[in-house]
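Only one structure is covered here, and it is reproduced in the block below.
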Ligand code: 0L1
Ligand code: MG
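Numbering (this note's numbering), first residue to last: 1 to 262.
This is the structure in structure tokens:
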């Protein structure tokens with residue numbers, strides 16, 4: 001690690017305040033170009049500790065930048081991982097207040113809910129499917145705290161991978177009831193299709209993103225707990241939204257899930 005404990009705490013406070021006040025900031029590596037991966041995840045952990053200190057509960061995890069469309073959109077080449085707390089969860093068809101966010105975008109995702117914990121190293125698609133209770137449609141609302149979504153990967157990891165809100169719903173299916181590689185999705189904004197794709201856009205199979213997450217956590221002595229909801233990453237590019245927008249994700253055989261921005 002290259003940053004001191006005091007700097008990590010100060011950067012966590014800064015990014016946490018940016019999220020709470022819906023205020024953007026230049027990416028933190030501008031000021032700390034030597035920040036390494038351990039520093040970045042330590043800042044993310046310190047932000048999580050601040051949430052927990054305010055009484056939040058971790059309800060899940062997320063993988064981000066897992067599709068080539070997303071990687072190309074953001075100019076990066078590696079997936080990243082973050083946490084989901086209860087206050088990020090929106091009920092199906094529920095409202096997201098744009099005044100609480102900086103510049104929200106939505107991503108169509110497949111969400112996994114585990115019946116057994118998963119731990120790397122060596123976790124693979126088969127282990128993920130065996131540990132999965134069900135899968136369901138999910139919309140992630142990302143809201144990078146960085147000005148104009150301009151960041152590098154370490155800055156985005158520190159910022160909890162732009163996590164801000166999410167909704168899951170539709171028709172849950174057991175993982176053996178469908179082929180997650182060929183399942184088709186349509187993301188609609190105000191009734192118009194704005195993005196189309198198939199599950200294989202996420203690392204060839206969305207379960208591969210969950211395996212990567214388990215292996216990432218295993219290297220840090222952690223696991224994905226049973227009962228977690230995990231967002232496997234945007235199948236398409238993220239789509240910008242504004243107050244007044246209705247967003248609906250339709251997933252083949254799994255119904256739909258929606259959100260309203262007010
Ligand atoms: O969930 C995601 O794929 C987004 C990860 C962070 C990068 C971004 O803000 O686009
Ligand atoms: Mg995402």
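Idealized CB from N, CA, C, for every residue including glycine.
Which listed residue (the options) has its alpha carbon closest to that of residue i
i, options, result
"residue 92", "240, 166, 198, 232", "166"
"residue 196", "234, 157, 254, 204", "234"
"residue 224", "157, 99, 59", "59"
"residue 245", "231, 158, 193", "193"
"residue 219", "123, 163, 151", "123"
"residue 209", "247, 88, 5, 125", "125"
"residue 117", "243, 250, 230, 252", "230"
"residue 181", "189, 198, 76, 242", "198"
"residue 150", "13, 16, 75, 12", "75"
Outcome for residue i when other beta-carbon atoms lying within 10 angstroms are tallied against a minimum of 16
i, result
"residue 214", "buried"
"residue 44", "buried"
"residue 207", "buried"
"residue 104", "buried"
"residue 68", "exposed"
"residue 115", "exposed"
"residue 161", "buried"
Own chain, CB closer than 7 angstroms to residue i, minus 5 neighbours either side, in chain order
i, result
"residue 24", "18, 102, 145, 146, 147"
"residue 155", "27, 28, 29, 146"
"residue 97", "262"
"residue 129", "175, 207"
"residue 273", "Residue 273 lies beyond the stretch modelled for the chain, which goes from 1 to 262, so this question has no answer here."
Same chain, Cβ closer than 8 angstroms to residue i, five either side skipped, listed in chain order
i, result
"residue 254", "135, 136, 137, 170, 171, 172, 173, 178, 183"
"residue 238", "70, 73, 105, 106, 107, 142"
"residue 201", "67, 68, 69, 235, 236"
"residue 42", "1, 3, 8"
Nonlocal neighbours in the same chain, by C-beta distance under 6 angstroms from residue i, ignoring five residues either side
i, result
"residue 48", "83"
Whole-angstrom C-beta distance between residue j and residue i, which should lie under 8 angstroms
i, j, result
"residue 61", "residue 80", "At roughly 11 angstroms, the Cβ-Cβ gap does not stay under 8 angstroms, so residue 61 and residue 80 are not in contact."
What are the uninterrupted segments assigned as alpha helix (DSSP H) that are 4 or more residues long and contained completely in the region 78–138, given in chain order?
125–131
Only counting runs of 3 or more residues, tell me where the beta strand (DSSP E) segments fall wholly within the region 175–207, in order along the chain.
184–189, 192–198
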